Amino acid sequence: MTKNLPYIFLLAIVLNACSNTKYLPKGEKLYTGGQVKIVNKDIKKNDSKALITELEALLRPKPNGAILGLRPKLYLWNITQTTKTKGIRAWLHRKGEPPVFVSDVDLDKSSQILTNRLQNISYFQAQVNGDTVSKGRTAKAVFTAATGPAYKIRKVIFPTSTEGVDTAVAGTAKESLLKVGDKYDLDVIKNERLRIDARLKEKGFFYFAPEDIKLRVDSTIEGHQVDMFVKVKEETPQLARTIYTIRNIYVYPNYTLRDTALKLDSAKKYRWYYMVQGKRETVKPWLFKNTVLLQPGEVYNRTDHTKSLNRFIELGPFKFVKNRFEDVTPDSPLLDVYYQLTPYPKKSIQFDLLGRTTSASYNGVQASISWKNRNTFKAGELLTVTALGSTDGQVGQSNGGYAVSQIGVQTSLSWPRFVSPFNFKADNAYIPHTTLTLGGSLVIRSQLYTLDSYNGAFGYQWKQDQYRQHALNLLEITYIHPRSVTALYQDSIKNTGNPTLAHVIAPQFTWGPSYSFTYDNTVDAYRTNTFLYSGKISLSNNIYGLIRGANVKSGDTTKLFGLPFNQYIKLENEVRYFHKLGPNSKIAARLSTGFGLAYGNSTNLPYSQQFYAGGANSLRGFRARSVGPGTVDPYYFVGTKGFLPDESGDIKLEANVEYRAKLFSIVNGALFVDAGNVWNLNHQQLTGTDGTATPGEDTFGKNFYKQLAADIGFGLRFDVTILVIRTDYGIPILRPWQPGSNWVTPKLGNGIFNLAIGYPF
Numbered sequence: 001m002t003k004n005l006p007y008i009f010l011l012a013i014v015l016n017a018c019s020n021t022k023y024l025p026k027g028e029k030l031y032t033g034g035q036v037k038i039v040n041k042d043i044k045k046n047d048s049k050a051l052i053t054e055l056e057a058l059l060r061p062k063p064n065g066a067i068l069g070l071r072p073k074l075y076l077w078n079i080t081q082t083t084k085t086k087g088i089r090a091w092l093h094r095k096g097e098p099p100v101f102v103s104d105v106d107l108d109k110s111s112q113i114l115t116n117r118l119q120n121i122s123y124f125q126a127q128v129n130g131d132t133v134s135k136g137r138t139a140k141a142v143f144t145a146a147t148g149p150a151y152k153i154r155k156v157i158f159p160t161s162t163e164g165v166d167t168a169v170a171g172t173a174k175e176s177l178l179k180v181g182d183k184y185d186l187d188v189i190k191n192e193r194l195r196i197d198a199r200l201k202e203k204g205f206f207y208f209a210p211e212d213i214k215l216r217v218d219s220t221i222e223g224h225q226v227d228m229f230v231k232v233k234e235e236t237p238q239l240a241r242t243i244y245t246i247r248n249i250y251v252y253p254n255y256t257l258r259d260t261a262l263k264l265d266s267a268k269k270y271r272w273y274y275m276v277q278g279k280r281e282t283v284k285p286w287l288f289k290n291t292v293l294l295q296p297g298e299v300y301n302r303t304d305h306t307k308s309l310n311r312f313i314e315l316g317p318f319k320f321v322k323n324r325f326e327d328v329t330p331d332s333p334l335l336d337v338y339y340q341l342t343p344y345p346k347k348s349i350q351f352d353l354l355g356r357t358t359s360a361s362y363n364g365v366q367a368s369i370s371w372k373n374r375n376t377f378k379a380g381e382l383l384t385v386t387a388l389g390s391t392d393g394q395v396g397q398s399n400g401g402y403a404v405s406q407i408g409v410q411t412s413l414s415w416p417r418f419v420s421p422f423n424f425k426a427d428n429a430y431i432p433h434t435t436l437t438l439g440g441s442l443v444i445r446s447q448l449y450t451l452d453s454y455n456g457a458f459g460y461q462w463k464q465d466q467y468r469q470h471a472l473n474l475l476e477i478t479y480i481h482p483r484s485v486t487a488l489y490q491d492s493i494k495n496t497g498n499p500t501l502a503h504v505i506a507p508q509f510t511w512g513p514s515y516s517f518t519y520d521n522t523v524d525a526y527r528t529n530t531f532l533y534s535g536k537i538s539l540s541n542n543i544y545g546l547i548r549g550a551n552v553k554s555g556d557t558t559k560l561f562g563l564p565f566n567q568y569i570k571l572e573n574e575v576r577y578f579h580k581l582g583p584n585s586k587i588a589a590r591l592s593t594g595f596g597l598a599y600g601n602s603t604n605l606p607y608s609q610q611f612y613a614g615g616a617n618s619l620r621g622f623r624a625r626s627v628g629p630g631t632v633d634p635y636y637f638v639g640t641k642g643f644l645p646d647e648s649g650d651i652k653l654e655a656n657v658e659y660r661a662k663l664f665s666i667v668n669g670a671l672f673v674d675a676g677n678v679w680n681l682n683h684q685q686l687t688g689t690d691g692t693a694t695p696g697e698d699t700f701g702k703n704f705y706k707q708l709a710a711d712i713g714f715g716l717r718f719d720v721t722i723l724v725i726r727t728d729y730g731i732p733i734l735r736p737w738q739p740g741s742n743w744v745t746p747k748l749g750n751g752i753f754n755l756a757i758g759y760p761f
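Structure, rendered in structure tokens:
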């Protein structure tokens, strides 16, 4: 009986949720929604479905929310009714949803709304009638829409006058959104007015507005056609018909809200603009030479206007950017331009403390403190120094005694420009950046080893446009030196035969450039389908190694600065795809690949550059970094000390698919499938704890698809605006190292719980 209690409880909830109608007032019926039926034999089936979806979205009121036919929020409202305003019952009542009655539906008003929409999208003769259909104590609204024929555009006529603004409007005709043969659409007409306004802004018509354009429609043409006349309204004021030219440009780099006077007496001219910053110079005037794109004597244009604003913001030191234009005199076609920049505090300190847990059952804490110095050398530079410390350990796990601690310092200096002997000039709305980073850290694996790690990089980041971004590091240096390696760890290497353990403590010295490219249109909320692509290539000592003829296989190990260096090529690619199913649901997918080739002075990729699979952002049904290589069983290496090493490889292939949907309030749900693995490029002889060769294939081959690990799972994501807290539970369904069939019967108790910040992709 006890085992059946959960099912009895669930059944009780379902039955009660179905009985919401018993709470209805006498004579009322519960409204279950509206339905639209299209009467038009000429509309194709798919077009009719799309039109119905569009029209039904306009219907009001909306019925009570339902999940699989149940209305849990309405049920919560009904069973928690109270006159009190405080307490748990009142709180639950507020979380519920009041009933929507069929008497709340205004059929005439809704019919008129649907008629107006149909007329706005070419169905000028549309007629809509509404009625209600009852079933027991529930009812729905049914609207029958006789659309009539669709009216299409026969001609589009632009102004023929030679008067200034009319000529400018006529000059935009080739790019018109109004196309002969297209259906009449009010939204397209509105966008056409915006388009014409934008084009005229490029030609100096500063005060022109979309409302100054009139589009007259003649629908008396035979054959259900319309002629469209684009005109400038006769009442358009003279200033909107005038082309304006830039006179003076003033930049205030220390503006505050307390500044009420223009202070033009302290303005100093630098090239084509004036700097207004008083006696104390806080910003070097030349900083803005690639930011102020408008030029005195040139006709005003919106492109340089918006580019300049964006560039001022991207410089970094300024919290607010205010831009205004003023007429020099009421009757002159001249404008003065003012940029009023409010800076951030020059210096700031930020302290962060966070707790974390991983799918490998590690729990820990990290603390960091960052000091920032903005506008360091008076030219927009940003100096950041960050010190951090962390410790992670397992409680009650096989690795319980091997805690990981880290302390380190990272310093970066960023310039809002290309720092180079060559003169590169970007002509878009974005500011390029040059970054220099230097850092070091100490990693202590309790009872096992200590690693000294040093890194540095110098390179550039720039945006090609709002979608495409580039990063080129001319030089990346990493040096990792092991020390204090214990006998316990050395014995683990000997006893398990796992080369990964030896890779971890191998000295690493990488030196070379890298380049990455990202294309991301997921910022476009209006798109149904969006995707992100990112690719990166990293090189280490390629030219130097070739010149020196390094060949470790022949016993000729070459050194740089007295240190053996790693030589390799590494490629990484990732594609993310998102498909909107509705306003609150989507399909998200990711494909990630990686390939690394060590040669010359190296036989393997350095451990820090190898690929991993498993964990909260990878295969969520497996412990972090526990999958692979290939069909090798990672648990085969567990010796008497129970140490579980991270597994890695030279090749990676991973795919993930998620269904994401909003459940309620800040809570979102997800169902997911993950698959992937890592492989070695060259076979490595692996031995188990008894010294025998381990079963399994560790290299990538034609049967790679039979060697994939996979999991299924579900999760909850809590979107609290500033961050997303994610919980995922992954259940393995494929273990490639498993003898016989790789398939695993999904069992809830065999899953891995993942807690993370942000989405996995």
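Using UniProt numbering, the letters of the sequence shown map in sequence onto residues 1 to 761.
Every residue gets a Cβ at the ideal spot worked out from N, C-alpha and C, and that includes glycine.
What you are looking at is a predicted structure, and each value in this text was computed from that prediction instead of being measured.
query	result
Closest residue to residue 513 among 541, 759, 403 (Cα-Cα distance)	541
Residue 627 versus residue 251: straight-line alpha-carbon distance, rounded	57 Å
Residue 112 in three-state terms, based on DSSP	helix
Bridge partners - residue 676, DSSP secondary structure assignment	654, 709
C-alpha gap between residue 236 and residue 153, whole angstroms	27 Å
Check whether residue 441 and residue 406 have beta carbons under 7 Å apart	yes
Among 255, 619, 647, the one whose alpha carbon lies nearest that of residue 608	647
Nearest-angstrom Cα separation, counted from residue 528 out to residue 522	10 Å
Touch test, the stretch 545-557 against the stretch 574-594, Cβ-Cβ under 8 Å, three pairs minimum	no
Residue nearest to residue 110 in terms of C-alpha spacing, selected from 142, 307, 96	142
Close Cβ partners of residue 754 (< 6 Å) along its chain, the five nearest in sequence each way excluded	359, 616, 620, 728
C-beta atoms of residue 743 and residue 696 nearer than 7 Å	no
Cβ-based burial, residue 311 [other Cβ within 10 Å; buried from 16]	buried
Own chain, CB closer than 7 Å to residue 520, minus 5 neighbours either side, in chain order	467, 532
Complete beta strand (DSSP E) runs within the stretch 387-426 (minimum length 3 residues, chain order)	404-415
Under the three-state DSSP convention, the category residue 196 falls into	helix
Which residues DSSP lists as bridging residue 794, in chain order	Absent from the structure is residue 794, since the part of the chain shown begins at 1 and ends at 761.
Reference residue 348, options 336, 339, 383, closest by Cα	383
Pair within 7 Å by beta-carbon distance, residue 649 and residue 611	yes
DSSP state of residue 719 mapped onto helix, strand, coil	strand
Buried versus exposed, by CB contacts within 10 Å (16 or more), residue 276	buried
Reduced DSSP secondary structure (H/G/I, E/B, other) of residue 643	Per-residue confidence for residue 643 stands at a pLDDT of 49, beneath the threshold of 50, marking its modelled position as unreliable; no derived number is given.
Reference residue 98, options 107, 85, 114, 81, closest by Cα	81
Exposure label - residue 300; buried when at least 16 CB within 10 Å	buried
8 Å contact criterion, which residue 127 and residue 146 should meet: CB distance rounded	5 Å
Extent of the continuous beta strand (DSSP E) run through residue 308	Looking at the DSSP string, residue 308 is not in any beta strand (DSSP E); the run it does join, the alpha helix (DSSP H), is 302-314.
Residue 481 to residue 417 span [Cα, whole Å]	35 Å
Coarse secondary structure for residue 459, derived from DSSP in three states	strand
Cutoff 6 Å; reference residue 55; Cβ partners in own chain excluding five residues on either side	36, 114
Any chain B beta carbon closer than 7 Å to residue 40	In the structure shown, chain B does not exist; there is a single protein chain.
Reduced DSSP category for residue 20 - H, G, I as helix; E, B as strand; rest coil	helix
Opening and closing residue of the beta strand (DSSP E) in which residue 508 lies	508-520
Residues of its chain near residue 272, where Cβ-Cβ distance is below 8 Å and the 5 sequence neighbours each way are ignored	249, 292, 295, 296
Residue 402 to residue 351 span [Cα, whole Å]	28 Å
Residue 364 (DSSP reduced to helix, strand or coil)	strand
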